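2 protein chains.
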Amino acid sequence: MKIDPKSSADLSAQIAKAIRDAIISGDLIVDERLPSESELADQFQVSRPTVREALKRLAAQNLIRTQRGASGGAFVRRLSYDEAASQHITTSTLLLSMNAVDFETACEARFALERACAPLSAKRRTPDHLATMRAEIHRQAQPGLSDERFCESDVAFHRALVDGAANPVLSYQLAGAVEAMQPLMNMITFTQRNRDVIIGLHTRIANALDAQDSAAADTALAELTAYTLTLGEEAMAARAAAKAQSER
Amino acid sequence: MKIDPKSSADLSAQIAKAIRDAIISGDLIVDERLPSESELADQFQVSRPTVREALKRLAAQNLIRTQRGASGGAFVRRLSYDEAASQHITTSTLLLSMNAVDFETACEARFALERACAPLSAKRRTPDHLATMRAEIHRQAQPGLSDERFCESDVAFHRALVDGAANPVLSYQLAGAVEAMQPLMNMITFTQRNRDVIIGLHTRIANALDAQDSAAADTALAELTAYTLTLGEEAMAARAAAKAQSER
DNA sequence: CAAACATTAAATGTCAGACAAATGAAAATT
DNA sequence: AATTTTCATTTGTCTGACATTTAATGTTTG
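Okay, structure coming up:
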């Protein structure tokens, strides 16, 4: 584990990279303790604050955890699915908002990926998944539900669908696509009619998964994709019109 | 933007969270300059090293960039697709290796997602994508190619397939699934016969996309999935046998 | 002897102040 | 007018110190 003193990059960035590489390559294994900050400072020939900045970078990526006190220190952390998913969601959300990704692109990506899960979910969904989906459908039908809550429930429904595939890697990957859509979905105003259509399609999807009918699930998902796209287009058009109005 | 002095969490973590939230909520926009480190230290009532640790956390997530000198400082950074994808790949790879994800699970996830891209790719692939795929197929057929290079080319082929869908969000999401599989694929020893089968399937996929025949592409991908799975199982069985041997 | 308590050492968390290095802008010079 | 010099600002790094947490050790006591 060495750094290049001639490099123009920050020392803390170099040190972080050196340790990160050691973790990725397997030189440092899960729950192994890193040398203390003073020892690392000696090893890399830098001061302790510089080492600390490097460790904070790694902590931000959930690669290490630190513990105070005697026999404390920095330990290589086992990355959990939940943590990885939450990181992934944050990054995806920021990526979409900062690059002004249009509704169509995000929507297409999300539903394409979800349709990939449907056949597996039809095969493996448990009663638990079905119950979650039906509970969310019920919630979506409640009168007086705000648009935001409706979207939240929509996300929960689709996550249950994805989780039904019983593949944690798939769930992790999909979490980013599904959750990152939420800010975009929140721009839509859902009329009662809109909701009825969506709830109807959700019900068809749940029934199809219940009957382990993969083809029916796919058809319903395709229809939901098309419908969501038209809703999104309408919302974007309405926004554009409102903007033109305010600028006049 | 405030922090809770009573919280047990590190001050630098709290400050990083406060700034991160401001970025996510849109209070801080792309290319906006943050206050200088001394000013932030005053605002949050902490010392400059503490502020610096917080900023390094954000830098590790590519949320800010820093510039030295007069009129320098920390600026909110636009997250690019490439950066987000590379972060996603690192996280996915670590997640798989640290949690000892089995070949079957990862493989299933990867191909399920890829098959979701195939219809879109059949519709939109450009001559460029087809050329890349054919070039990689040609590379895969070269004699004396190491297993590692073969896998590398395989990844390049599949990324071209995904990119053919012309949906950057999809490409970003898939990058994690495809690249993270590489370490697992590297455990496989590809015989000439194995390679021939894979190259044949790759050719069928390229031809199908060329002909914009989505169904044919899906069939070939399904066969490739099944074949890769058997190869993986054999490799894992061989590994287990070798281990049993060495323990005897 | 065992359990409760006090002590201690090691480690991270935080702070204060200083200097180095980079950099853009203003001032001085040619 | 163009070039060079100076200068103020800001991040990068270092030194040294103190606070806080925590486990291990030692001590006392029932």
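Sequence lines, in order, name chains A and B. Take the first sequence: its position 118, counting from 1, is numbered 118 in this note's numbering, and each next residue is one higher. Take the second sequence: its position 185, counting from 1, is numbered 1185 in this note's numbering, and each next residue is one higher. C-beta: ideal position from N, C-alpha, C; glycine also. From a predicted model like this one, the values you see are computed outputs, not experimental measurements.
Distance between residue j and residue i (C-alpha atoms, nearest Å)
i: L170 of chain A; j: F1111 of chain B; result: 10 Å
i: R1134 of chain B; j: G200 of chain A; result: 44 Å
i: A1166 of chain B; j: R1065 of chain B; result: 29 Å
i: Q1212 of chain B; j: A1116 of chain B; result: 15 Å
i: G26 of chain A; j: L229 of chain A; result: 45 Å
i: H88 of chain A; j: A118 of chain A; result: 22 Å
i: T50 of chain A; j: G72 of chain A; result: 19 Å
i: L1231 of chain B; j: A217 of chain A; result: 31 Å
i: I137 of chain A; j: Q1067 of chain B; result: 50 Å
i: T1203 of chain B; j: S97 of chain A; result: 38 Å
i: P143 of chain A; j: N186 of chain A; result: 18 Å
i: F103 of chain A; j: Q182 of chain A; result: 11 Å
i: K1123 of chain B; j: A1156 of chain B; result: 20 Å
i: T189 of chain A; j: D147 of chain A; result: 7 Å
i: E1223 of chain B; j: N1099 of chain B; result: 28 Å
i: S964 of chain B; j: E1233 of chain B; result: One cannot answer for residue 964 of chain B here, as it falls past the ends of chain B, which runs 1001 to 1248.
i: Y1172 of chain B; j: M1 of chain A; result: 31 Å
i: P168 of chain A; j: V178 of chain A; result: 15 Å
i: L1161 of chain B; j: A1235 of chain B; result: 26 Å
i: L63 of chain A; j: A85 of chain A; result: 14 Å
i: K1056 of chain B; j: Q192 of chain A; result: 47 Å
Assumed close pair residue i, residue j - CB separation to whole angstroms, cut-off 8 Å
i: L58 of chain A; j: R20 of chain A; result: 6 Å
i: G1176 of chain B; j: S1092 of chain B; result: 4 Å
i: L1209 of chain B; j: L1120 of chain B; result: With a Cβ gap of about 10 Å, L1209 of chain B and L1120 of chain B do not count as contacting.
i: A1022 of chain B; j: I1003 of chain B; result: The Cβ separation is near 12 Å, so there is no contact.
i: A54 of chain A; j: I15 of chain A; result: 4 Å
i: E114 of chain A; j: L221 of chain A; result: 6 Å
Minimum Cβ-Cβ distance from residue i to chain A less than 8 Å
i: A1112 of chain B; result: yes
i: N1167 of chain B; result: yes
i: Y1172 of chain B; result: yes
i: G1176 of chain B; result: yes
i: I1015 of chain B; result: no
i: H1088 of chain B; result: yes
i: A1217 of chain B; result: no
i: S1012 of chain B; result: yes
i: A1018 of chain B; result: no
i: L1221 of chain B; result: no
Contact with chain B by residue i, beta-carbon distance below 8 Å
i: S214 of chain A; result: no
i: M185 of chain A; result: no
i: E108 of chain A; result: yes
i: K56 of chain A; result: yes
i: T189 of chain A; result: no
i: A160 of chain A; result: no
i: Y227 of chain A; result: no
i: V155 of chain A; result: no
i: V101 of chain A; result: yes
i: M98 of chain A; result: yes
i: R115 of chain A; result: yes
Residue i in three-state terms, based on DSSP
i: S74 of chain A; result: It is worth fixing the name first, because residue 74 of chain A is Ala in this sequence and not Ser. Correct three-state label for A74 of chain A: strand.
i: T1091 of chain B; result: helix
i: R239 of chain A; result: helix
i: T66 of chain A; result: strand
i: R1033 of chain B; result: strand
i: Q1253 of chain B; result: In this structure chain B extends from 1001 to 1248, so residue 1253 of chain B is not present and cannot be described.
i: I1188 of chain B; result: coil
i: P1143 of chain B; result: coil
i: A1165 of chain B; result: coil
i: D1218 of chain B; result: helix
i: I941 of chain B; result: Since the first residue of chain B shown is 1001 and the last is 1248, residue 941 of chain B is not available in this structure.
i: V101 of chain A; result: coil
i: Q1182 of chain B; result: helix
i: M133 of chain A; result: helix
Along the segment 1138 to 1150 of chain B, what residues have a CB closer than 8 Å to any CB found in chain A? none
Within 9 Å of chain B by C-beta, residues of the segment 39 to 54 of chain A in sequence order: Taking 9 Å as the Cβ-Cβ cut-off against chain B, the residues of the segment 39 to 54 of chain A that qualify are P49, R52, E53 and A54.
Interface residues of the segment 21 to 36 of chain A facing chain B [CB-CB below 8 Å]: I23, I24, G26 and V30
Closer than 8 Å, Cβ to Cβ, to anything on chain B: give me those residues from the segment 60 to 78 of chain A, in chain order. A60, Q61, L63 and R78
Residues from the segment 194 to 213 of chain A in contact with chain B, defined by Cβ distance under 8 Å: none
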